[in-house]
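Chemist: Numbering (our numbering), first residue to last: 251 to 461. Where a beta carbon is used, it is the ideal one built from N, C-alpha and C, also for glycine. Note that the structure is predicted; figures quoted are calculated from it, not measured.
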Amino acid sequence: MRKSSPYWAEQWGGKTNRYYMDTESFIQKTTGALALNGDKADLSIFSAGRTQTFNFPGQSPVQFKTVFPQTANGKIHLAPAELGKNAYHYQPVRDPNYPLALISPANSKMLSSTMGEFNYPELFLTMHPDDAAARNIQAGDTVRIFNQLGEVICRVRCHSSIRKGVVSMPKGAWRKSSRNQMTATALCPSTVNEVAGGACFNDARVEVEKF
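#1: Output the residue ranges of the alpha helix (DSSP H) runs that lie fully inside the segment 292-372 and measure 4 residues or longer, sorted by chain position.
#2: Taking only three categories from DSSP, how would you classify Arg-407?
#3: Which same chain residues, not among the five before or five after Ala-329, have their C-beta less than 8 Å away from its C-beta?
#4: Do three or more CB pairs link the segment 400-411 to the segment 444-455 at distances below 8 Å?
#5: By how many angstroms is the C-alpha of Val-406 removed from the C-alpha of Ala-389?
#6: In whole angstroms, give me the CA-to-CA distance for Pro-379 and Ala-298.
#7: Can you list, in chain order, the residues of its chain whose CB lies under 7 Å from that of Gln-309, leaving out five sequence neighbours each side?
#8: What are the uninterrupted segments assigned as beta strand (DSSP E) that are 3 or more residues long and contained completely in the segment 386-453, given in chain order?
#9: First and last residue of the beta strand (DSSP E) that includes Phe-374?
#10: According to DSSP, is Lys-290 helix, strand or coil?
#11: Are the segment 418-426 and the segment 311-325 in contact at 8 Å, needing three or more beta carbon pairs?
#12: Could you give the distance in angstroms between the alpha-carbon of Gln-431 and the alpha-carbon of Gln-313?
#13: Select from Lys-460, Thr-303, Phe-304 and Thr-301 the residue whose C-alpha is nearest the C-alpha of Thr-392.
#14: Start and end of the alpha helix (DSSP H) containing Ala-283?
#15: Tell whether a beta-carbon distance below 8 Å holds between Leu-352 and Leu-399.
#16: Assuming Ile-387 contacts Ser-428 under a Cβ cut-off of 8 Å, what Cβ separation, rounded to an integer in Å, is found between them?
#17: Under 8 Å between the Cβ atoms of Val-458 and Leu-373?
#18: Roughly how many angstroms separate the alpha carbons of Ala-283 and Pro-311, rounded to a whole number?
#19: Where Asp-381 and Met-360 are concerned, what is the direct C-alpha to C-alpha distance, given to the nearest angstrom?
Printed below as a string of structure tokens:
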């Protein structure tokens, strides 16, 4: 990423001097710019790759001990009257054309394409052996995972540890790891929670076929 930064900075018309700093100069500049509630940052701590603690002023925030919800009674309201009746209800996601539920969990090496120190050398789909056999798919085959939104082409692993009807593709993979430069993101719908507008997890439905 550091090597690519000067290129993109130049393309965007930015000054690139900071991108050519060596590591020690960059740490010194960053340390000098930090204001830790009146305390100075300790260069020796950062140079050693450690984290400097920060003393927050006042009492430490502890939920339901020092800080409370800003409701009239200071309690969490899970189903306030403003939401009406049956605000939270289960809506099954079923589509006969896409019978498999796609999950895309993080793992111990990667959280996202920018929050990890590992690039998948190759993206794999994991599916139950029975689901694979029903589609004439064997471990190691190249498969097409698709729905109405897009497709991902990669190889498959078969394992009985995953539930039937569910397939798994790790999130955080770079696009170069698949055969068509697409990852699980290409298959995720844009549906959101009706109450809070948050993401609806594990609602992607797909089909898999041998490529």
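Modeler: The answer reads as follows:
#1: Runs of the alpha helix (DSSP H) lying entirely within the segment 292-372, each at least 4 residues long, are 293-297 in chain order.
#2: Correct three-state label for Arg-407: strand.
#3: Within the same chain, Ala-337 and Tyr-338 come within 8 Å of Ala-329 by CB-CB distance, once the 5 residues on both sides are set aside.
#4: No, they do not touch.
#5: One alpha carbon belongs to Ala-389, the other to Val-406, and they sit about 6 Å apart.
#6: Looking at the two C-alpha atoms, the distance is approximately 48 Å.
#7: Hits under 7 Å: Thr-316.
#8: Assignment of beta strand (DSSP E) within the segment 386-453, counting only whole runs of 3 or more residues, yields 392-396, 401-408 and 416-418 in chain order.
#9: According to the DSSP assignment, Phe-374 belongs to the beta strand (DSSP E) that extends over 374-377.
#10: Correct three-state label for Lys-290: coil.
#11: Touching, no, given that fewer than three Cβ pairs across the two stretches are closer than 8 Å.
#12: Their backbone Cα atoms lie some 43 Å apart in a straight line.
#13: Closest in C-alpha terms to Thr-392, from the list Lys-460, Thr-303, Phe-304 and Thr-301, comes Lys-460.
#14: Bounds of the alpha helix (DSSP H) holding Ala-283 are 273-283.
#15: No, Cβ-Cβ distance for Leu-352 and Leu-399 is not below 8 Å.
#16: Contact between Ile-387 and Ser-428 is absent: CB atoms are separated by about 17 Å, not below the 8 Å threshold.
#17: Taking a C-beta distance under 8 Å as the contact criterion, Val-458 and Leu-373 do not qualify as a contact pair.
#18: C-alpha of Ala-283 to C-alpha of Pro-311: approximately 26 Å in a straight line.
#19: Between Asp-381 and Met-360, the C-alpha separation is close to 27 Å.
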